[in-house]
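J.: My questions all concern the structure below.
Protein chains: 2
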Amino acid sequence: MLAVQVVDYGKPWEVVRTMEATEPPSPPPGQLKVKLLAAPIHPADLLLMRGLYGKRPSLPMGMGGEGVASVVDVGEGTDFKRGDRVIIPYGHDTWADHLTISAKRAVKVPAGIDDAQASMAMINPFTARLMLTDFVDLAPGEFVIQNAANSGVGRAVIAIAKARGLRTVNVVRRPELIDELKAAGGDVVLVDGQDLPKRVAAATGSAPIRLGLEGVAGEAMRSLTGTVAEGGKLVVYAGMSAQPAVAFPPHLIFRDLTIRGFWLIKWFRSADPRLVAEIQHEVLPLIADGSIKVPVEHIYPLSSAREAISHAARAKGKILFTAS
Amino acid sequence: MLAVQVVDYGKPWEVVRTMEATEPPSPPPGQLKVKLLAAPIHPADLLLMRGLYGKRPSLPMGMGGEGVASVVDVGEGTDFKRGDRVIIPYGHDTWADHLTISAKRAVKVPAGIDDAQASMAMINPFTARLMLTDFVDLAPGEFVIQNAANSGVGRAVIAIAKARGLRTVNVVRRPELIDELKAAGGDVVLVDGQDLPKRVAAATGSAPIRLGLEGVAGEAMRSLTGTVAEGGKLVVYAGMSAQPAVAFPPHLIFRDLTIRGFWLIKWFRSADPRLVAEIQHEVLPLIADGSIKVPVEHIYPLSSAREAISHAARAKGKILFTAS
Chain A
1 MLAVQVVDYG KPWEVVRTME ATEPPSPPPG QLKVKLLAAP IHPADLLLMR
51 GLYGKRPSLP MGMGGEGVAS VVDVGEGTDF KRGDRVIIPY GHDTWADHLT
101 ISAKRAVKVP AGIDDAQASM AMINPFTARL MLTDFVDLAP GEFVIQNAAN
151 SGVGRAVIAI AKARGLRTVN VVRRPELIDE LKAAGGDVVL VDGQDLPKRV
201 AAATGSAPIR LGLEGVAGEA MRSLTGTVAE GGKLVVYAGM SAQPAVAFPP
251 HLIFRDLTIR GFWLIKWFRS ADPRLVAEIQ HEVLPLIADG SIKVPVEHIY
301 PLSSAREAIS HAARAKGKIL FTAS
Chain B
325 MLAVQVVDYG KPWEVVRTME ATEPPSPPPG QLKVKLLAAP IHPADLLLMR
375 GLYGKRPSLP MGMGGEGVAS VVDVGEGTDF KRGDRVIIPY GHDTWADHLT
425 ISAKRAVKVP AGIDDAQASM AMINPFTARL MLTDFVDLAP GEFVIQNAAN
475 SGVGRAVIAI AKARGLRTVN VVRRPELIDE LKAAGGDVVL VDGQDLPKRV
525 AAATGSAPIR LGLEGVAGEA MRSLTGTVAE GGKLVVYAGM SAQPAVAFPP
575 HLIFRDLTIR GFWLIKWFRS ADPRLVAEIQ HEVLPLIADG SIKVPVEHIY
625 PLSSAREAIS HAARAKGKIL FTAS
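Residue numbers (the working numbering), protein chains in the order written: chain A, 1 to 324; chain B, 325 to 648.
The structure is reproduced here in structure tokens:
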């Protein structure tokens, strides 16, 4: 079988290879042998290949943070059968034709979710869900504000917040996204700019916003920081602008703001598997009913790793792998 | 008697006036009438006059955040006598010839402390003490790192940390300060620069530093952020560079940092008077033995408010007021 590996740290399309790997044998009790249906290429994967991510494993390293697969062989004592579609649990290198996974930690994919959307059920929706719950105890009706509202995480924030009775203020940089994000369930959608705090106040009736989700950094972050209420929190999960994280000291000092980083990988390292399952069962129905939907641009076989990675580095929609 | 007032928001030396005010009568029971000995002009006072501070009182407003005074008249039921020197409690406009203060909240100044140093016993030392205790529970021997180490707060941090058995890494911008701050008790003193984290690790034996105190913002803040250990906190109390607060998103995200603002005025608004007294009794001995010592540049009478303020805006040392 084939698997994608990274043999050096550097430009992603130069350091990635598709290698011949040993196909897993029949699974032991409690395990499943699965065949990859879809696995996304995330910006974090490209950072990892460049050596700029929060971890730097020894080389060569397998790749892929999440995916969906089809059961091809079943170990004893499991409830799955061949052909079942499952979300691959956290901790596997998913860019491979076949994997052996734990039946207990695998979650069946509900009917009505296509492979592509199912393959992205974990990283972005989990990031969104945990940022909404683990930093500020928000009450139904409260607003949360985010920039990068059009990103995978941003769209998951809109859907999960709505399902939880929260309201979202969504900041984007391109006006043509306003209607699209409103249709996706965003309560308020605004284009970023100097007077953002005033426009946010006007759109929300000056409701205090205690949580801001920051994915852009740079001036966009300074702008967002000005919209968060006294005592509020700003959670930084990405820096898409490749600019530094920026805030205005008087906002921090006089308004008692807290800026926190959030990294899903760290959360997963000590996560209770029951909580993981609980969040999956919160998220999957939102994918099934179309509330969370990530635009897909192209799907490549693992044999075309370089082409796929190169495309991912410039794509607007999502690039996925499937088994070769 | 004379008192300093601000009659508009604008350039401090243009909006400040010395006005004739009514001298307080004999004090009621439990109160003291005092005459000002010394009250400092802080950068925060200048920000307040410019309308750029965290509060914007209606005008005209009295001024001055702290000071030391001599008792001139004693209300019934107090333990003070005429001539006693007292720290003026928080909440008075101290730039005035005479004030009436609560005897219960006044603290006698120990012998051996001059008026100038006594007048600065509150704002900077309290900021230093509270930042050292209220954000991270540090154990004796642990390092704390700060920039602006040469500031009033920075020097108080060095002395208070030492008295508490903590060690300090002090970051400055001018190499000529190294010997001076080491003599003042700084364990490590380094000049800021790109490779600061490496030099800090070398100087501390790579000890994890869980608390950073940030008074500069801009690139100095990004530099400091790189020195704080995973899960650590950076407390922002000032932005002396007048630059934005800056951090590197991967530091925030992958190293799970927290950035917090700290504003002493907010703390005072709900502070337990017993805790205020406790901190005063921690700080005053450090001023008495010279561990905390702020260089004083000039002392003006209240009648020379414009000259004093104008000087303060460009001074290297501290400018103080005394009664006219």
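Beta carbons are placed, not taken as given, at the ideal position from N, Cα and C, and that holds for glycine.
Report the rounded CA-to-CA distance for Asp596/B versus Trp95/A, giving the unit in angstroms.
T.: Spanning the two alpha carbons is a distance of roughly 59 Å.
J.: Are the Cβ atoms of Leu514/B and Val481/B separated by less than 9 Å?
T.: Cβ atoms of Leu514/B and Val481/B: not closer than 9 Å.
J.: Should Gln470/B go down as buried or exposed, given a rule of 16 or more other Cβ atoms within 10 Å for buried?
T.: Label assigned to Gln470/B: buried.
J.: Determine whether the Cβ of Val136/A lies closer than 9 Å to any Cβ atom of chain B.
T.: Chain B contact via Cβ: absent.
J.: Mind listing which residues of the segment 586-607 of chain B have their C-beta closer than 9 Å to chain A's C-betas, in chain order?
T.: Listed in sequence order: Phe586, Trp587, Ile589, Lys590.
J.: Is there contact here, the segment 12-28 of chain A with the segment 297-306 of chain A, by at least three beta-carbon pairs under 8 Å?
T.: Yes, the segment 12-28 of chain A touches the segment 297-306 of chain A.
J.: Excluding sequence positions up to five away, which residues of its chain have a Cβ less than 6 Å from the Cβ of Val188/A?
T.: Closer than 6 Å at Cβ, skipping near neighbours: Val169, Ala203.
J.: I'd like to confirm the pairing. Which residues does DSSP put opposite Lys642/B in its beta bridges?
T.: BP columns for Lys642/B point to Val620/B.
J.: Kindly indicate if chain A contains any beta-carbon less than 9 Å away from that of Thr575/B.
T.: A quick correction: the sequence has His, not Thr, at residue 575/B. Chain A contact via Cβ: present.
J.: Just checking: is the beta-carbon of Tyr377/B within a distance shorter than 9 Å of some beta-carbon in chain A?
T.: Yes, Tyr377/B lies at the interface with chain A (some Cβ there is under 9 Å from its Cβ).
J.: If you compare alpha carbons, which of Ile633/B, Lys642/B, Leu644/B is closest to Thr372/B?
T.: In the sequence under discussion, the amino acid at residue 372/B is Leu, which differs from the Thr named in the question. Ranking Ile633/B, Lys642/B, Leu644/B by Cα distance to Leu372/B puts Ile633/B first.
J.: Between the segment 66-81 of chain A and the segment 23-32 of chain A, do three or more beta carbon pairs fall short of 8 Å?
T.: These segments touch.
J.: Using 10 angstroms around the beta-carbon of Asp403/B, count the other beta-carbons present and answer buried if the total reaches 16, otherwise exposed.
T.: Asp403/B is exposed by the Cβ-count criterion.
J.: Return the residues of the segment 554-581 of chain B that lie within a Cβ-Cβ distance of less than 8 Å from chain A, sorted by chain order.
T.: Residues passing the 8 Å Cβ filter: Val560, Tyr561, Ala562, Gly563, Pro568, Ala569, Val570, Ala571, Phe572, Pro573, Pro574, His575, Leu576, Ile577, Phe578, Arg579, Asp580, Leu581.
J.: Please confirm whether Tyr561/B and Phe586/B have their CB atoms less than 9 Å apart.
T.: Taking 9 Å as the Cβ cut-off, Tyr561/B and Phe586/B qualify as a contacting pair.
J.: What residue does the alpha helix (DSSP H) around His98/A start on, and which one ends it?
T.: Unbroken run through His98/A is the beta strand (DSSP E), 98-102; no alpha helix (DSSP H).
J.: Secondary structure at Leu257/A, three-state DSSP: helix, strand or coil?
T.: In the structure shown, Leu257/A sits in coil (DSSP, three-state: anything other than H, G, I, E or B).
J.: What are the complete beta strand (DSSP E) segments, minimum 3 residues, inside the segment 498-532 of chain B?
T.: Counting whole runs of 3 or more residues, the segment 498-532 of chain B contains the beta strand (DSSP E) stretches 512-515.
J.: Please classify Met387/B: does DSSP put it in a helix, a strand, or coil?
T.: Met387/B falls in the coil class under three-state DSSP.
J.: One question on the structure: do Ser119/A and Gly67/A come within less than 9 Å of each other, judged by their Cβ atoms?
T.: Cβ atoms of Ser119/A and Gly67/A: closer than 9 Å.
J.: In whole angstroms, give me the CA-to-CA distance for Ala435/B and Asp332/B.
T.: Using only the alpha carbons, I get a separation of about 40 Å.
J.: Since Pro364/B sits in a beta bridge, which residues does DSSP pair it with?
T.: Pro364/B pairs with Leu644/B.
J.: How would you call Ser475/B, buried or exposed, if buried means at least 16 neighbouring beta carbons within 10 angstroms?
T.: Answer is buried; the Cβ neighbour count reaches 16.
J.: Since Gly655/B and Ala472/B are thought to touch, with beta carbons under 8 Å apart, how far apart are those beta carbons, to the nearest angstrom?
T.: Absent from the structure is residue 655/B, since the part of chain B shown begins at 325 and ends at 648.
J.: Which same chain residues, not among the five before or five after Leu177/A, have their C-beta less than 6 Å away from its C-beta?
T.: Counting only Cβ-Cβ distances below 6 Å, and skipping sequence neighbours, we find Asn150.
J.: If you compare alpha carbons, which of Leu59/A, His98/A, Arg82/A is closest to Ala39/A?
T.: Answer by Cα proximity: His98/A.
J.: Taking 9 Å as the CB-CB cut-off, is Arg584/B touching chain A?
T.: With 9 Å as the cut-off, Arg584/B counts as an interface residue toward chain A.
J.: Kindly indicate which three-state DSSP category Val153/A falls into: helix, strand or coil?
T.: Helix.
J.: Please check if any C-beta of chain A sits within less than 9 Å of the C-beta of Ala541/B.
T.: Judged by the 9 Å Cβ criterion, Ala541/B is in contact with chain A.
J.: Identify, in the order they occur along the chain, each residue of the same chain with its Cβ nearer than 7 Å to the Cβ of Ile279/A, setting aside the five sequence neighbours on each side.
T.: Counting only Cβ-Cβ distances below 7 Å, and skipping sequence neighbours, we find Phe126, Arg129.
J.: So, using beta-carbon positions, are Ala571/B and Pro244/A closer together than 9 Å?
T.: A contact, by the Cβ cut-off of 9 Å.
J.: Could you please give me the residues that DSSP links to Thr342/B through a beta bridge?
T.: Answer is Val328/B, bridged to Thr342/B.
J.: Rounding to the nearest angstrom, what Cα-Cα distance links Ile87/A and Glu606/B in this structure?
T.: So the two alpha carbons sit approximately 58 Å from each other.
J.: Are the CB atoms of Ile209/A and Phe143/A nearer to each other than 9 Å?
T.: Yes.
J.: For Asn494/B, write down the residues that DSSP places opposite it in a beta bridge.
T.: According to DSSP, which records beta bridges pairwise, Asn494/B is partnered with Gln470/B, Val513/B.
J.: Cβ closer than 9 Å: which chain B residues qualify as neighbours of Arg164/A?
T.: Correct list: empty, because the minimum Cβ distance to chain B is about 24 Å.
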